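Chemist: Handing you a structure now.
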C-alpha cells in the first residue's frame, strides 16, 4: 500500500465516521495508521495495551484509546517532497488581545506574590474553512514538519484532532526511558545567532528541575544533558534531554502520571498552576496540552508526546490552541506575539483551505 492508497482509506473512514489515527514519530519517514473496525469509544486506565492513546489536559487516570486488536494496522514509508510554507497574515483582534494581556498581568501578579514561579497561559482562535479536504490536510501536515511528531486522530465522539508536536512526554523501551525539558520560544532566522535572555533560561531551568525532581522517585539512574537550541518548524526552543533507567516496579502509567502535566504546559508548583489555569483561562483545553502516542505492549515500548501545536477541526471550523510559559520576568505584549508565532504552525498547514474573508 502506498501513501495515496492510505490517504483514500482515511477519507473513506472519515466519511463513514469510523475512528482512525495516522502518525509519524520524530525524525521518521515511516507513517503508521490504525483503522478501527467499529465506532466504539474505548478508554483505558492502565497504559498496558497495544494501540494509540489520546489523553486530555485534565487527565485523571482515564484516556481515549484506539486498540490495535480491534483495528487494521498499516505502516508505509513516506517519500519527502520539496515543500514550502508561507506565513498567514491574521487580522488583529484587539478585544481578544486585550483580554489575554489582562489575564497575563493577573498571572504575573500571582507569581510576584510568591504563589507560583511559572504558570502556562493559553488561548484559542477559530478559523472558518472552505473546501476542506482531509487528504490535503494529511499531505500538507506530514510534508510540512518532517522532524516533528505528526498525527491526525478522528473519532466521531471527539472530533478531528491533528498536530505537529516537538515535545516528548516520555519514550520507553523495556526499562529505559527518555524525556525532555523544552522551554523558551523565538522565531527561527537563518542569518541570526541564537541568544537566549535570562527570562527564557530561567524558565528552561525551572522545567528541567521539576521534571528531574519528579523522575527521581521512579528511576534508578538519571542523566541530564547540557541545554541546547532546538529547531521545531519555524520556531526555536531551549532543550534539555533527560534519560535513564526505570525502577523495576515502575509502569508506563506511573511514569506518565508523575510527569503529566509537565511544567512546560502547566507550571510550578504543578497543582497550584493547574488550578489557576482551570479557574482563569475561560475555556476547556480538551486534548490541547494533554498527551498522545503509540503503545506497543509486545515490544515493551511506548512514545507519548505532549499535544502541542495542535488544532481541532469540526464542521468547517479549525480551532487552534496556543500558549506560553509566564514567569515574573514575562512581558505581556511579547507573550501575546509569541502565541501569534506559534499559531503559524497549524495555519500554514491549513492555508489553502482557509476562508479568507475572515482575514
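In my numbering, the protein residues as written are 1 to 359. Glycine is no exception: its CB is placed at the ideal position from the N, C-alpha and C atoms. Just so we're clear, the structure is a prediction, and the values are computed from it rather than from any experiment.
For residue 218, which three-state DSSP category applies?
Modeler: Looking at residue 218 - three-state DSSP - the assignment turns out to be coil, as it is neither helix nor strand.
Chemist: Should residue 76 and residue 6 be called a contact, given that it needs their Cβ atoms to be closer than 8 Å?
Modeler: Using a Cβ distance threshold of 8 Å, residue 76 and residue 6 count as a contacting pair.
Chemist: Tell me, please, which residues DSSP counts as bridged to residue 150.
Modeler: 24 and 164
Chemist: Between the alpha carbons of residue 144 and residue 342, how many angstroms are there, rounded?
Modeler: 15 Å
Chemist: Quick check on DSSP: helix, strand or coil for residue 11?
Modeler: helix
Chemist: Whose CA, out of 102, 117, 114 and 137, lies closest to the CA of residue 123?
Modeler: 102
Chemist: How many Å lie between residue 120 and residue 338 at the Cα?
Modeler: 13 Å
Chemist: Among 110, 92 and 152, whose alpha-carbon lies nearest the alpha-carbon of residue 19?
Modeler: 152
Chemist: Do residue 304 and residue 240 have their C-beta atoms closer together than 8 Å?
Modeler: no
Chemist: Taking all protein chains shown into account, do 16 or more other C-beta atoms lie within 10 angstroms of the C-beta of residue 213, making it buried, or fewer, making it exposed?
Modeler: exposed
Chemist: Looking at the secondary structure, which residues open and close the beta strand (DSSP E) in which residue 177 lies?
Modeler: 176 to 187
Chemist: Run the CB neighbour count on residue 64, radius 10 Å, all protein chains shown included, and call it buried at 16 or more, exposed below.
Modeler: When all chains shown are included, residue 64 counts as buried.
Chemist: Would you kindly work out how many angstroms separate the C-alpha atoms of residue 363 and residue 13, rounded to a whole number?
Modeler: This structure leaves residue 363 out entirely; the chain is present only between 1 and 359.
Chemist: In terms of DSSP beta bridges, what is residue 232 paired with?
Modeler: 235
Chemist: Which term fits residue 114, buried or exposed, when burial requires 16 or more other beta carbons within 10 angstroms of its beta carbon?
Modeler: Classification of residue 114: exposed, given that the 10 Å Cβ count is below 16.
Chemist: Assess contact between the region 162 to 179 and the region 188 to 205, defined as three or more Cβ pairs (one per stretch) separated by less than 8 Å. Is contact present?
Modeler: no
Chemist: Cα separation between residue 253 and residue 47?
Modeler: 5 Å
Chemist: If contacts are defined as beta-carbon pairs under 8 Å, then residue 327 and residue 202 qualify, I think. What distance do you get, rounded to the angstrom?
Modeler: 6 Å
Chemist: Output the boundary residues of the alpha helix (DSSP H) element that contains residue 264.
Modeler: Element bounds for residue 264: n/a, residue is neither H nor E.
Chemist: Relative to the C-alpha of residue 289, which residue among 73, 322 and 315 is closest?
Modeler: 322
Chemist: What number of angstroms, rounded off, separates the C-alpha of residue 180 from the C-alpha of residue 174?
Modeler: 18 Å
Chemist: Under DSSP, the alpha helix (DSSP H) around residue 72 begins and ends at which residues?
Modeler: Here residue 72 belongs to no alpha helix (DSSP H); instead the beta strand (DSSP E) covers 71 to 77.
Chemist: What does the Cβ neighbour count give for residue 52, buried or exposed, with the cut at 16 atoms within 10 Å?
Modeler: buried
Chemist: Smallest Cα separation from residue 37: which of 27, 69 and 43?
Modeler: 69
Chemist: Give the secondary structure of residue 32 by DSSP, where H, G and I count as helix, E and B as strand, and everything else as coil.
Modeler: strand
Chemist: Give a yes or no on whether the C-beta atoms belonging to residue 345 and residue 233 are separated by under 8 Å.
Modeler: yes
Chemist: Would you please state the rounded distance, in angstroms, between the beta carbons of residue 258 and residue 218? I believe it to be under 8 Å.
Modeler: Contact holds; Cβ gap of about 6 Å.
Chemist: Can you list, in chain order, the residues of its chain whose CB lies under 7 Å from that of residue 196, leaving out five sequence neighbours each side?
Modeler: Non-local C-beta neighbours of residue 196 in its own chain, meaning closer than 7 Å and more than five positions away in sequence, comprise 184 and 238, ordered along the chain.
Chemist: Quick check for students: name the residue ranges of the alpha helix (DSSP H) that lie wholly in the region 252 to 314, counting only runs of 4 or more.
Modeler: 252 to 259 and 270 to 280
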